[in-house]
Amino acid sequence: MPITVSSRDSVLTVVLSGEIDHHGAREMMSQLTDAIAERLPAKLVLDMSGVTFMDSSGIAVLLRARRQMEHTGGTLRVTAIPAQARRVLDAAGIGRLISLD
Amino acid sequence: MKAMDQVTITFASRSANEGFARSAAACFAAQLDPTLDEVADIKTAVSEAVTNAIVHAYPDCLGKISMRLRLYDGGVLEIQVKDSGVGIPDVDQARTPLFTTGGEERSGMGFTIMESFMDGLRVRSQPGKGTAVTMRKRIARRSGASK
C-alpha cells in the first residue's frame with residue numbers, strides 16, 4: 001500500500017511511501033485521487049517521509065493532486081520531503097506551483 | 102578515449118525493470134566511491150531515461166532496452182540508454198521542460214532532470230529506428246578512494 005490516509009476535521013493527511021517511479025506512480029495516483037474524491041478536504045497534506053526514491057513520475061502525482069484540490073477550492077501542502085525527492089522537485093521548479101515545506 | 106571498464110545490460114521494456122536499471126547503474130558507479138548525493142543523481146537520471154524508453158519508445162508493445170555503463174579515466178561515468186523503438190521526431194521539442202506526449206501520468210520534466218543531475222546529455226534519435234540517450238557525470242575522487 002503506497003499511501004496511508006488519515007483525516008481530521010477538513011484536513012486530509014496522506015503519507016506517501018516507497019519508490020515513486022513510473023512503475024509505482026500509477027497505483028499511488030489512483031489511490032490518492034480516490035482518497036481526495038471521497039473526502040473532499042479543504043486542505044490536503046502530503047507527507048513524503050516514507051518516500052525512498054522519486055523521479056519525475058512523482059512530480060506528475062503531485063501536480064495531479066494539486067489540480068484536483070484546485071477544482072474543489074482546497075489547498076495542498078507537501079511536507080517531510082526527503083533530500084533526493086527535494087532535489088528532483090527543485091530541479092523542476094515545482095516550488096513555484098506547490099507549497100513545499 | 103578508451104573505456105577502463107564497461108558493462109552492458111539488456112532488458113525488456115517493462116516498468117518493473119526501472120528499479121533494476123537504477124540499482125545496476127548505482128552498483129557500477131560504486132567503484133568510483135561516489136557520495137550519496139551523486140548516487141541519488143545517477144539513479145534519478147537513469148530512471149528518467151529508462152522510463153522514457155518504456156513509455157515512449159514502445160508505446161504499444163514490449164521491446165528491448167540496453168543500458169551501457171562505461172568508466173573513463175578521471176572518474177567519468179558514461180551511461181547510454183538505447184532502444185529500437187519509434188524514435189523522437191523532434192528532439193529539441195522533447196527536451197523542452199513540461200513538454201510531454203505521455204498524458205497526465207507524465208510531467209514532461211524527464212530531460213530537464215537528466216540535464217540538471219548529470220554533467221552532459223546527448224540525445225540521438227531516428228524516427229522508426231530508435232533513440233540513444235548518453236549521459237556523463239564526473240565523480241570527484243575523494244581522499245581514501247580505491248583505484
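Heads up: the sequence lines are chains S and Z, in that order. Numbered according to the numbering used here, the first sequence terminates at residue 101, and the numbering increases by one at each position without gaps. Numbered according to the numbering used here, the second sequence terminates at residue 248, and the numbering increases by one at each position without gaps. From the three backbone atoms N, C-alpha and C, an ideal C-beta is built for every residue, glycine too.
Taking 9 Å as the cut-off, the beta carbon of lysine 144 of chain Z is found closer than this to the beta carbon of alanine 127 of chain Z. Around the beta carbon of leucine 76 of chain S, 16 or more other beta carbons sit within 10 angstroms, so the residue counts as buried. Under the three-state reduction of DSSP, methionine 54 of chain S is assigned to strand. Residue pairing by DSSP leaves glutamate 119 of chain Z without any beta bridge partner. Per DSSP, phenylalanine 112 of chain Z is one residue of the beta strand (DSSP E) stretching across 106-113. For the C-beta of serine 56 of chain S, the chain Z residues within less than 7 Å are, from N- to C-terminus, Glu149, Ser208, Met210, Gly211 and Ile214. At the C-beta level, arginine 169 of chain Z and isoleucine 180 of chain Z come within 9 Å of one another. Below the 9 Å Cβ cutoff, chain Z contributes no neighbours of histidine 71 of chain S, its closest Cβ being approximately 14 Å away. Taking all protein chains in view, the Cβ of leucine 137 of chain Z is surrounded by fewer than 16 other Cβ atoms within 10 Å, so the residue is classified as exposed. Note on geometry: alpha-carbon atoms of valine 51 of chain S and phenylalanine 218 of chain Z lie some 19 Å from one another. Under the 9 Å criterion on CB atoms, isoleucine 240 of chain Z is classed as non-interfacial with respect to chain S. It is roughly 26 Å from the alpha-carbon of arginine 39 of chain S to the alpha-carbon of glycine 204 of chain Z.
Chain S places a beta carbon closer than 9 Å to that of glycine 120 of chain Z, counting this residue as a contact. Annotation: the continuous beta strand (DSSP E) that includes alanine 233 of chain Z extends over 231-239.
In the structure shown, the three-state DSSP call for lysine 144 of chain Z is helix. Using a Cβ-Cβ distance cut-off of 8 Å, the stretch 85-96 of chain S and the stretch 112-128 of chain Z are not in contact, since fewer than three pairs of beta carbons, one from each stretch, lie closer than that value. Contact annotation for valine 156 of chain Z against chain S: His22 [CB-CB distance below 8 Å, chain order]. The Cβ atoms of leucine 12 of chain S and valine 45 of chain S lie closer than 9 Å to each other. Contact note: threonine 145 of chain Z reaches chain S through Phe53, Met54, Asp55, Ser56, Gln84, Arg87, Val88 and Ala91, using a C-beta cutoff of 9 Å and chain order. Valine 192 of chain Z is bridged by DSSP to nothing; it lacks a bridge partner.
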